[in-house]
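Numbering (my numbering), first residue to last: 15 to 348. Structure first, commentary second.
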C-alpha cells in the first residue's frame, strides 16, 4: 500500500506554509501529496504544480467538481499540470455540482449525476489522450475540439460512493476514489468496481483505489474528537453522502442529529452526542501513539491511502505532528 498526505485550504494555512509542508512530506517519506478543489477556494491545479516544484512528489486532486468547469477547460488545466509535473499528476473528478441543491446554486442544467459524470469522464480521457473530440451529451457538447498539445499520460480517477458510480469507475476510469468508507465498506466498494471492470473486459487489479483517511492527531483528545466529528456529521448529512453513511450503519445516529437540531440543540451538543463508535469507523482521533496502528486498520483495501490531516485549529505544527506520527515507515511497522 502506498501512502500519501492530504493538505488543503480547510487547514486555514497560507499558501507558503502549505508549500513548506509539501517539502516536509517528501523528507518524511510520503509518496504523493493530494488536495481538493472547489469553485471558490484555492486553485488546486496551481497548488499541485507548486507542490511538485518544491518537493518532487507526485500530486493529485481529489476531487474536482465537474460542471463547474467546461470539459475543455478542465482538460487544459490538467494537461498543463501534467506536463509541468512530468507526468506525475492525477486528476480526480466528482459529481457534487450535479446534486440538486448544489446544481441550483451554480445554475447547472438538470441531468443525473451519473450521466453527467460519465460524459465528463469519457471526454476528459479522450482530450487528455490527444484526441480531437466531437461529443453530444446533456452537459458536454463539443465539435472537433482538441488540446493544442499532448500532455504526458494523465490518469483520470472518479469519485464514487454508490454502486452505479463505483461500477462506472470500474468500467471507464483510470482509478477510483471512494470517500469516508470504513474497511468493511471498502470491501463492498471493490466488489462494485470489479463488477464494472468485468463488464468492460478490464482487470480490476489494474484500477487503483485511493482514499482519504481522516485523522486528527492531538494530545487534546476531546478537541480532536470534536474536530473529526464535525467533519463526519457535515458530510454524512449532505444528500450525496447520506445513503453512503446509512449503508455503513449510521441511519439511527443521523436521524438523532436531525431531531436534535430540530429541537434547537447547538453544534456542541450535537457533536458531543454523536457516537464514538461511528466516528472511529471512518477516522482516527487521539494522540500520536497508536495512530499508525489505527490508520493501518482504517486503510484496509486501499492501494493508496492518503493521510488527510484535520487539526483542532490552524497550526502548521499540528499538521507536522500528524505527518510524523503517520509516515509510511511508521504505518508499515504498525
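The beta carbon of each residue, even a glycine, is placed where N, CA and C say it ideally should be.
- Within the model, the alpha-carbon separation for residue 161 versus residue 91 is close to 10 Å.
- Distances from the alpha-carbon of residue 202 to those of 108, 41, 315, 31 put 315 closest.
- A residue is called buried when at least 16 other Cβ atoms come within 10 angstroms of its Cβ; residue 225 meets this threshold and is buried.
- Of all alpha-carbon atoms in 324, 340, 88, 123, the one lying nearest the alpha-carbon of residue 310 is that of 340.
- The way I'd put it, the stretch 79-88 does touch the stretch 123-135; three or more beta-carbon pairs between them come closer than 8 Å.
- Spatial neighbours of residue 102 in its own chain (CB-CB distance under 6 Å, excluding positions within 5 residues in sequence) are listed in chain order as 72.
- Residue environment analysis places residue 213 among the exposed positions, since fewer than 16 neighbouring C-beta atoms fall within 10 angstroms of its C-beta.
- For the alpha helix (DSSP H) assignment, the uninterrupted runs of no fewer than 4 residues enclosed by the stretch 118-173 are, from N- to C-terminal side, 127-142.
- The three-state reading of DSSP puts residue 269 in helix, counting H, G and I together.
- The three-state reading of DSSP puts residue 94 in helix, counting H, G and I together.
- Contact between residue 107 and residue 138 is confirmed by a C-beta separation of about 7 Å, below the 8 Å threshold.
- Setting aside the 5 residues that flank it on each side, residue 146 is surrounded in the same chain by 158, 160, each with a C-beta closer than 6 Å to its C-beta; the list follows chain order.
- Taken atom to atom, the span from the alpha-carbon of residue 235 to that of residue 164 is near 49 Å.
- A straight line joining the alpha-carbon of residue 210 with that of residue 38 spans about 38 Å.
- Contact between residue 51 and residue 58 holds: their C-beta atoms lie close to 4 Å from each other, under 8 Å.
- Assigned with DSSP and collapsed to three states, residue 76 falls in strand.
- Bridge pairing for residue 46: 18, 72 [DSSP].
- Following the DSSP letters along the chain, one finds residue 179 inside the alpha helix (DSSP H) bounded by residues 177-186.
- For residue 230, the enclosing beta strand (DSSP E) stretches over residues 224-231.
- Cβ atoms of residue 19 and residue 320 come within 8 Å of each other, at about 7 Å.
- Counted as a single uninterrupted DSSP element, the alpha helix (DSSP H) harbouring residue 285 occupies residues 281-287.
- When the five nearest sequence neighbours on each side are left out, the beta carbons in the same chain lying within less than 6 Å of the beta carbon of residue 26 are those of 328, in order along the chain.
- Short of 8 Å from the beta carbon of residue 217, and not among the five residues preceding or following it, lie these beta carbons of its own chain, in chain order: 211.
- Annotation for residue 296: 194, 196 place their beta carbon closer than 6 Å to its own, counting only its chain and skipping 5 residues before and after.
- For residue 326, the closest of 306, 300, 317, 345 by C-alpha to C-alpha distance is 300.
- Residue 261: member of the alpha helix (DSSP H) spanning 253-261, first to last residue.
- Looking at the DSSP output, residue 322 bridges to 20, 228.
- Per DSSP, residue 278 is not a residue of any alpha helix (DSSP H), being assigned neither H nor E.
- Of the candidates 291, 346, 105, 346 places its Cα closest to the Cα of residue 307.
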